[in-house]
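Colleague: Sharing a structure, written as C-alpha cells. Questions coming.
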Amino acid sequence: MTNIDTFLARAGRDKNFVALTEAVETTAGACGRHINVTGLSPTQKSYIVAALTDHFSNRQDAATNSQAVKQKAGQVRGWTAERGEETSRNLGAAMCLIEPDELQIRETQAALQPLLPDLQILRPREINLINADAGSRRQEQDRLLTLAGLLTGRVRHVLISATALLQRLPDPDFLRRHLLILQGTERIQPETLEHFLLAAGYEKVSQAEAFGQFSRRGDIVDVVPPDLRQSKPDCGLRISFFDDEIDSFTYYSLISQRSVGNCRKSVLISPVKEVLLDVDRLDAGSCADSLADSNINAENLAAKIDAAGKREILSLKENNASAKVTAELNKSLAADIAKLTEGLTTAPADKWLSLIYPEDTMFWDYWQETPGPKLPVVLDEPLRLTKALDTAQAAWQERIKEGFLKGQNFLTAGLAQYTRLDCMRRLDKEMNVITLAVIGGANGFPAIAEFVIRGRESDSYCGKDAKLTADLKDPSFPPCTLCAVGEVRRQKLADLLRTEGVTTEQAKIIDLPLPRGFVYPAADMWVLGEQEIFAGKAKRRRNRGSTTGVALDLFSDLRPGDLVVHDIHGIGIYKGLRSVEVDGVRRDYIWLSYANNDELYLPMEALDQLQKYIGVSEQQNPKLSRLGGTDWQKLKNKARDSVKKLAFDLVKLYAERRKIKGYKFPPETTWEREFAESFPFEETDDQLRCIKEVSADMESDKVMDRLLCGDVGFGKTEVAFRALFKAVMGGKQAALLAPTTVLAQQHYENFMNRINGFPIRVGLLSRFANDAMQHKTLSGLATGNIDVVIGTHRLLSKDVKFKKLGLLIIDEEQRFGVEHKEKLKVNYQGVDVLTLSATPIPRTLHMALSGIRDISVIEEAPLDRRSVLTYVMEYDPAIVIDAINREFSRHGQVFYLYNNTAGIDAKVNELQEALPGARIAAGHGKMSEKQLEQVINDFYAGETDILVCTTIIESGIDMPNVNTLIVENADRLGLAQLYQLRGRVGRSGRQAYAYITYRRDKVLTEVAEKRLTAIRDFTELGSGFKIAMKDLEVRGAGNILGGEQHGQMAAVGYDMYCRMLDEEIAKVETELNGEAGSKPKNSLPAVETIVDIPVDAYLPREFIADEGQRMDMYKRLTAIESDRDYHDVIDELLDRFGELPPEVTVLAAISYIRHMASKAGIERVSRQDDRIIMRLPAGQKVNMPLIAAIMAQQSYSGEMNFAAGAKPYIEYRIGALKPAEAVEKLRKLFMNAEKAFNDQK
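Using UniProt numbering, the first residue of the sequence shown is number 1, and each one after it goes up by one.
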C-alpha cells in the first residue's frame, strides 16, 4: 500500500464509517436511495470522500468491471475490446462531487487532489450570446476532454460546480462518435484521420503549434490534442503513415517542431468545439470511411433557426411587442443565419443550442454512461447547493431577458441551461446520493440512512513550535500526521521533533501537500496541514513538459509584401519564392523588388545575406533602396559609425565597473532554503536559472550589475525577493527602488507576506508611508536596525543614509531619468545592483551584449495562470455595456482601452451616460506624472470602477480585482500591444474577459486588415505568440540601448543593426585587450564559394507546401557548417516532412560542400566532363591543413591531383557519374577530410 492508501485506510477504525460503506453497498443497482452524513468539519469532508473512493476501488470486482467496459468497447474508435479489458483492471471506483460555487471548488480541489491525484474539474462554459468573430477555446477543450474521459473510463474522479450542472451538453453518443484513442498500432488512412480531425473541430494549419490544431504533410500528420495539455504541455503528436499503417508515433516539440521521443501510451483525440457543424467533405474516393457523418448540417440548422426565429417574432407581434425589439431581433436573426452559412459558428451557435442539441442532455447522462463501479453522487452542503442553483438560474434568466429586450438574442437562447428542478428531479429519481453537511437538517433528499461522523478543524501552530511539540507529547491527543512537502520542510520538522523528544508513535511526517488538517476522534486521527505548521502556503506542483531543440527562425513569418534587408542591395520587398529552370537545371530563387520596380532574383545559397526588415515603429516604413545606387552604403556607414561609438562606450563602462571589488556574500544558508520552500508556486526553469545566476554574482567578489528581463507576471519579483533575502542573510542591508507609489506599496506588501516568520525588519519610503513610519525607517537605515527598505524616488533623497548597504534593486530602470541614474552611480559604487525590466530583451541583442553586460532572461510563462476568455468582435455599445455590468455584478473593475487622447474625455462622458452611478476616470500620457499616478492610485485602491486609458498606463502593477478588458479600435494596435494589454487582467483566481473590438464598417488599410487577421488568431497564444514576442523585443531595444539609437536601427533594420553591434563590440574588446591591429595567427580572409554543378537542388513545393516553412528550411540548410549539422538537418527534414526527394538530398549535400570548400579557401567548385575542379584564389592564403586533409584521403588515391601555379586548383576525377552521384561522392570526400582535420587539431 502507498502512503496515501495507508492514510485513507485509517478511516476504517471508525465504526460509523464502516457502517457508511455497508450502506453504500446496499444502494448498488438501485435508484433514489440516498444517504445523509453530518457532523464533518470542512476539511474532513475531502478525506471521507477520498476514503470512500479508495475503499470501493480496492474492493471492486475486476470481472464485473471488465464486462462493464467491454460493453462500451467499439463505441469509441481506436479502442478495441482487448485494450478496454486491459484498462479495466486499472479502473478504480468513479466519484463525482458537486460543489455550490467556484470558490468552494478551489478549496476542495486543494484538499482533495493530494488524496485523489487524477481529480478533474468540470467548470461551466462561458455561453457566448454576443456576435464575436472568434473566441477562446481553452475552456471548451478542457470540458470536452473531461466528458470524453468519463465516457472512456480515463477520468474517474470529477469535481463540478452548480452552474456547470445546469448547462446543456451534446449527447454522449454524439461525442463518442467524435472520439479517437490512438496508441500507434491502428490501421487508418491519413485522409481518414484528416477528415476525422476536421469533423472534430480541429483547425488545419501549415504548422501545428497550438492546442486544437493539426497539419498534414503527405504521410505525416501532426496534431495537438488537449489530452497532452497536462502531461506534455510543450508537445504535439506526430503520426507517420506507411499506407494505412502507423509507421511511427512520436511526440514533437511545439517550439522546434522536431520529434522528442516515442509516445508509448495511448492518446485521446477529443473534439475541440462543443458545437460541431458540417465540414467541407473530402473527395469521396479518398475518404470512404467517414468518421463523422453525424455532424450537424449547417444549411439545415440555418433553416431551423430561421423558422424558430420567425415564429418567435410573429408571436411577439401578436402580443403587441415593441417594434424596435422585433426589428432588432430580425436583424440579429439575419446576422446569425449569414454567419452559419459562412461557416462562422462561434457567434450564433450558443444562442440556438436547443436546436443544435435537441436531446435534452445534461451532465447526469455522462455520469450514467461512465463505465465501471461508481460511488453515489456526492453533494457538498445540499442547502447551499440548492441556493447556488437557484441563483445561477435567476442570473441566466435575467441575462436572457436583458439580451432579448435589446434585440440581441431570442428567448429560445434560455434553453441552453436547465432549471434547478430539471436537474434535481433527475438526480433524485435516477441516481443515488450521499450528502455531506457540517450541521444536520433538512436537505431535500429523503434518506434510507443517516450517519454522524464527527470531526473538527485542526488548530494552527504556525510560529508556535513549543506549543506544537507540547501537544504532540500530550497523551490526551491522538497520534498526529504532519504534512510537509519538500526536503527542507521535512528535515526542519524532523529536527524539531527529534530535539524536543517527540517519538514516531506520537507523530509521523508524510510527503502530502494537504493545506489544512482535521481532528477525527472516532478514527483516532489528528492531521496537521502545511498551512497550520509553516509560514506561507503549500507549494503548488505543476506539470512540466520536456522540450528539446532550437526554436524556429522567424522566416516562417515572412510573407510576400514584407520588407527585407539585403547586406549589399539594401531594403526591398519580398515577393515570394520562384522555381526557375536554367539549362535543364531547376533551382529556387528569392524574388525581390526594389525602387523604380527593379527586380532581383537571389539564389538560395545567398539567403544568409537576407533578413526580414524590423524597424522600431509600425508607422514608419523606410524608403526602398535603388539597385546599384550608393544611398544604401551611406546609410550603412552612418549606422556603423554610431554603433562603433556605442560599442566603445558600453565596453569601457562595464570594464571599469568590473575592476571594482565588491562584497562576497556567503553561500546559501538554511534559512534561504526555507525562504525558497515557502514560495507557494513551483518555480519555472527560467526562474530557477536566474535565481542561480544572481546568487553566483552575489557570492563572487565582483560587483554585480545584472539586468533581469521578463514579461509582466513571469516571476521577476520572486527572483528579486530571493536576492533581498540573501543580502540580509549575508549581514547587509538591501534596497528596492520602484518608479511609482503603487508599485512600491505592492512590493512592500508582497515582501512582508513572503518573510512572515523570519526575523527581517522592513521599511517603506513613499507617499503611502506616514511621517512616523518614514522617520523610523530613516533612523533604522542609518543605525542598521532596518534590513530592507522599499521605496520610490524618495530613496534618492539626501537624508537617506545606509549603514551597510549591500544590494540595490531597481524596478523598471528606464522609468528613471538620467539625473536619477547618475545619482545612483555616484551614491552606490561598490554595491551589487540588480535591474528589473518588464520589456523582453531581443535574443539577437542579448547575444551581442552578453559578453559585456550580465543579462538574465525569463521567457517561460507560469503555467498556473488562468486563461483569459477573449472575444474578437465588431464594436457594439450594447454588448460592451453588458460586459461592464457583468463585471460590476461581481464587484470587479474594468480596463477600457481607448488609444485616442483627443477623444478620451468624450468617451468617458459617453460611458457615464450609459452607466449612471459608475465611477469612471481617464488616464493618458499627456497628464503630468503626478496626475497620472493619482489616477492609478485611486483605481488600485478601488475608488474608481472603470479606467479609460491609453496604452501608456503602467502594466507592472498587479490588479487582481480588474478582470474585464475592453479594447476599442483594436485594428490600430499591434499584436504585441494587445498581448501585453491582455496580461493586465486574469491575475487572480476569477475568470477574466477581454473584448477586442474593431469598427467593421470602416475602410481598413492593408496593414490593419493583416493585423485584424492576426488578432483573430490571437484568442489563444498559438502562432500569434511568436510574432507578438518578436514585436515586443524590438520595442524593448530602445530601452536597453537608449533612444538615440532608434534612428540608426530604423535605417538599416533591427537584425543588421544587432550584427553590426556584435562585430564592433568584438573589435573594441580586442583593441582594449592590447591586440589592436593584430589578427589571430590562423585568421584567413572569408571566401564566398560558388558550387557550379549542373544538378537539380531545391525544396519542391510538393515536399514542403508552405512557403514560410520552405524559407525556414532553406535558412537551416545554408547554416550547415559540419557533417554533424548536415545529418541533423537531414534528420529534421525526414522527421517533419517524410521521405526526401533526390533534389533535397543533393541540396543538403551542396550546402555542406559549399561551407567546407569555403573553410578550405576554395572559391569555386565546378564540374568539367569527368572531373570536379576546385579553384583556389590566386595570391591568397588558404587553409593548408584542411587542403592537406582533402588530398591525403587514401580511399581517393589516384583520383586527386593538386595543380600549383598562378591559378592553383584541385582536380578530382569522378568518371561518368551522374550529377547527383558526383555530389554525394564529393560530400563524402569533404566529410572524411573534416574528420581527419579535426583529429589533427
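Backbone N, C-alpha and C define an ideal beta-carbon position, used for all residues, glycine too.
Between the C-alpha atoms of residue 1206 and residue 646, what's the straight-line distance to the nearest angstrom?
Modeller: Here residue 1206 is taken as the residue at index 1206 of the sequence shown, counted from 1. Here residue 646 is taken as the residue at index 646 of the sequence shown, counted from 1. Going from the Cα of residue 1206 to the Cα of residue 646 covers about 44 Å.
Colleague: Is residue 299 buried or exposed, if buried means 16 or more other CB atoms sit within 10 Å of its CB?
Modeller: Indexing the sequence shown from 1 puts residue 299 at position 299. Its Cβ having fewer than 16 others within 10 Å, residue 299 is exposed.
Colleague: Residue 1088 by DSSP, collapsed to three states: which one?
Modeller: For the purposes of this step, residue 1088 is identified with residue 1088 of the sequence shown, where counting begins at 1. The answer is coil: DSSP assigns residue 1088 none of H, G, I, E or B.
Colleague: Taking C-beta to C-beta, are residue 1153 and residue 1182 nearer than 9 Å?
Modeller: Your numbering for residue 1153 matches position 1153 in the sequence shown. Your numbering for residue 1182 matches position 1182 in the sequence shown. Contact flag unset, no.
Colleague: Under three-state DSSP, which class holds residue 1120?
Modeller: The residue labelled residue 1120 in the question sits at position 1120 within the sequence shown. Three-state DSSP puts residue 1120 in coil, outside helix and strand.
Colleague: Compare the C-alpha of residue 767 against each of 934, 625, 608 and name the closest.
Modeller: Within the sequence shown, numbered from 1, the residue matching residue 767 stands at position 767. The candidate whose alpha carbon is nearest that of residue 767 is 934.
Colleague: Considering only the alpha carbon of each residue, which of 160, 129, 992, 376 lies closest to residue 397?
Modeller: Along the sequence shown, read from residue 1 onward, the residue named residue 397 stands at position 397. That would be 129, whose Cα lies nearest to the Cα of residue 397.
Colleague: For a test of the three-state rule: what should DSSP assign to residue 877, helix, strand or coil?
Modeller: Taking the sequence shown and counting its residues from 1, one reaches residue 877 at position 877. Looking at residue 877 - three-state DSSP - the assignment turns out to be helix.
Colleague: Give the straight-line distance between the Cα atoms of residue 761 and residue 640, rounded to the nearest whole angstrom.
Modeller: Position 761 of the sequence shown, counting from 1, holds the residue named residue 761. Position 640 of the sequence shown, counting from 1, holds the residue named residue 640. If you take the alpha carbons of residue 761 and residue 640, they lie about 51 Å apart.
Colleague: Does DSSP put residue 1159 in a helix, a strand or coil?
Modeller: Position 1159 of the sequence shown, counted from the start, is the residue given in the question as residue 1159. Of the three classes helix, strand and coil, the one that applies to residue 1159 here is helix, per DSSP.
Colleague: Spatial neighbours of residue 178 within its chain, please: CB distance less than 7 Å, with the 5 preceding and 5 following residues excluded, ordered by chain position.
Modeller: For the purposes of this step, residue 178 is identified with residue 178 of the sequence shown, where counting begins at 1. Here the set comprises 199, 200, 271, 276, 292.
Colleague: Just reading off the alpha helix (DSSP H) that residue 1219 is part of, what are its end residues?
Modeller: In the sequence shown, the residue the question calls residue 1219 occupies position 1219. 1219-1240 is the extent of the alpha helix (DSSP H) around residue 1219.
Colleague: Between the beta-carbon of residue 706 and the beta-carbon of residue 833, is there less than 9 Å?
Modeller: As a working note, residue 706 is residue 706 in the sequence shown. As a working note, residue 833 is residue 833 in the sequence shown. The answer is yes: Cβ separation under 9 Å.
Colleague: Count the C-beta pairs between the region 676-687 and the region 735-746 that are closer than 8 Å, then say yes if the count reaches three, no if not.
Modeller: With a cut-off of 8 Å, the region 735-746 and the region 676-687 do not count as touching, because too few Cβ pairs lie within range.
Colleague: Unbroken alpha helix (DSSP H) runs of length 4 or more, entirely within the region 639-717: which are they?
Modeller: DSSP runs (the alpha helix (DSSP H)) wholly in the region 639-717: 670-677, 685-699.
Colleague: Give the C-beta separation of residue 527 and residue 514 to the nearest angstrom, bearing in mind that I take them to be a contact with Cβ-Cβ under 8 Å.
Modeller: Residue 527 sits at position 527 when you count from the first residue of the sequence shown. Residue 514 sits at position 514 when you count from the first residue of the sequence shown. Right, the Cβ-Cβ distance comes to about 7 Å (below 8 Å), so this counts as a contact.
Colleague: Which runs of the beta strand (DSSP E) fall wholly inside the region 388-412 and span at least 3 residues, in chain order?
Modeller: Qualifying beta strand (DSSP E) stretches: none in this window.
Colleague: May I have the straight-line CA-CA distance separating residue 1096 from residue 722, to the nearest angstrom?
Modeller: The residue labelled residue 1096 in the question sits at position 1096 within the sequence shown. The residue labelled residue 722 in the question sits at position 722 within the sequence shown. Between residue 1096 and residue 722, the C-alpha separation is close to 59 Å.
Colleague: If you count every other CB in all the chains shown that lies within 10 Å of the CB of residue 775, and 16 or more means buried, which is it?
Modeller: Position 775 of the sequence shown, counting from 1, holds the residue named residue 775. With fewer than 16 other Cβ atoms within 10 Å, it is exposed.
Colleague: Here's a check: name, in chain order, each residue in its chain whose Cβ is nearer than 6 Å to the Cβ of residue 745, leaving out the five neighbours to either side.
Modeller: Within the sequence shown, the letter at position 745 stands for residue 745. So the qualifying residues of the chain are 768.
Colleague: With distances taken Cα to Cα, identify the nearest neighbour of residue 888 among 916, 197, 876.
Modeller: Sequence index remark: in the sequence shown, residue 888 carries index 888 (1-based). Residue 916 is the option with its Cα nearest to residue 888.
Colleague: Report yes or no: do the region 188-196 and the region 1099-1116 share at least 3 C-beta pairs separated by less than 8 Å?
Modeller: The region 188-196 is not in contact with the region 1099-1116.
Colleague: Tell me whether residue 1184 is buried or exposed, calling it buried when 16 or more other Cβ atoms sit within 10 Å of its Cβ.
Modeller: Here residue 1184 refers to the residue found at position 1184 of the sequence shown. Answer is exposed; the Cβ neighbour count stays below 16.
Colleague: In chain order, what residues of the same chain have a beta carbon less than 7 Å from the beta carbon of residue 829, not counting five sequence neighbours either side?
Modeller: Position 829 of the sequence shown, counted from the start, is the residue given in the question as residue 829. 660, listed in sequence order.
Colleague: Which whole-angstrom value describes the C-beta separation of residue 408 and residue 878, a residue pair presumed to lie in contact below a C-beta threshold of 8 Å?
Modeller: Start at 1 with the first residue of the sequence shown, and residue 408 comes out as number 408. Start at 1 with the first residue of the sequence shown, and residue 878 comes out as number 878. Indeed, because the Cβ distance is near 6 Å, the residues count as touching under 8 Å.
Colleague: Nearest by alpha-carbon distance to residue 856: which of 568, 445, 836 is it?
Modeller: To locate residue 856, count along the sequence shown from 1; it is residue 856. The option with the nearest alpha carbon to residue 856 is 836.
Colleague: With respect to the alpha helix (DSSP H) encompassing residue 939, which residues constitute its N-terminal and C-terminal limits?
Modeller: Stepping through the sequence shown from its first residue, residue 939 is reached at position 939. Its alpha helix (DSSP H) spans residues 929-940.
Colleague: Is the separation between the beta-carbon of residue 558 and that of residue 571 shorter than 9 Å?
Modeller: For this step, residue 558 is matched to residue 558 along the sequence shown. For this step, residue 571 is matched to residue 571 along the sequence shown. No; because the gap between Cβ atoms is not below 9 Å, this pair is not in contact.
Colleague: Roughly how many whole angstroms lie between the Cα atoms of residue 17 and residue 92?
Modeller: The count along the sequence shown starts at 1 and reaches residue 17 at position 17. The count along the sequence shown starts at 1 and reaches residue 92 at position 92. Looking at the two C-alpha atoms, the distance is approximately 19 Å.
Colleague: Okay, do the region 1122-1141 and the region 1189-1208 touch, 3+ Cβ pairs below 8 Å being the bar?
Modeller: No: the two stretches stay apart, fewer than three of their Cβ pairs being nearer than 8 Å.
Colleague: Pair every Cβ in the region 413-422 with every Cβ in the region 460-473, then say whether three or more of these pairs are closer than 8 Å.
Modeller: Touching, no, given that fewer than three Cβ pairs across the two stretches are closer than 8 Å.
Colleague: Can you find at least 3 beta carbon pairs, one from the region 490-508 and one from the region 443-453, that sit closer than 8 Å?
Modeller: Cβ pair count under 8 Å is below three, so no.
Colleague: Quick one: what's got a C-beta closer than 7 Å to residue 883's C-beta in the same chain, skipping five residues either side?
Modeller: For the purposes of this step, residue 883 is taken as the residue at position 883 of the sequence shown. The residues are 964, 966, 993, 995.
Colleague: Is DSSP giving residue 231 helix, strand or coil here?
Modeller: Within the sequence shown, residue 231 is the residue found at index 231, counting from 1. Helix.
Colleague: May I have the straight-line CA-CA distance separating residue 630 from residue 601, to the nearest angstrom?
Modeller: Residue 630 sits at position 630 when you count from the first residue of the sequence shown. Residue 601 sits at position 601 when you count from the first residue of the sequence shown. Their Cα atoms are separated by approximately 20 Å.
Colleague: What whole-angstrom Cβ distance do residue 380 and residue 45 have, given they're in contact under 8 Å?
Modeller: Counting from 1 along the sequence shown, the entry for residue 380 is found at position 380. Counting from 1 along the sequence shown, the entry for residue 45 is found at position 45. That belief holds up - the Cβ atoms of residue 380 and residue 45 are roughly 6 Å apart, short of 8 Å.
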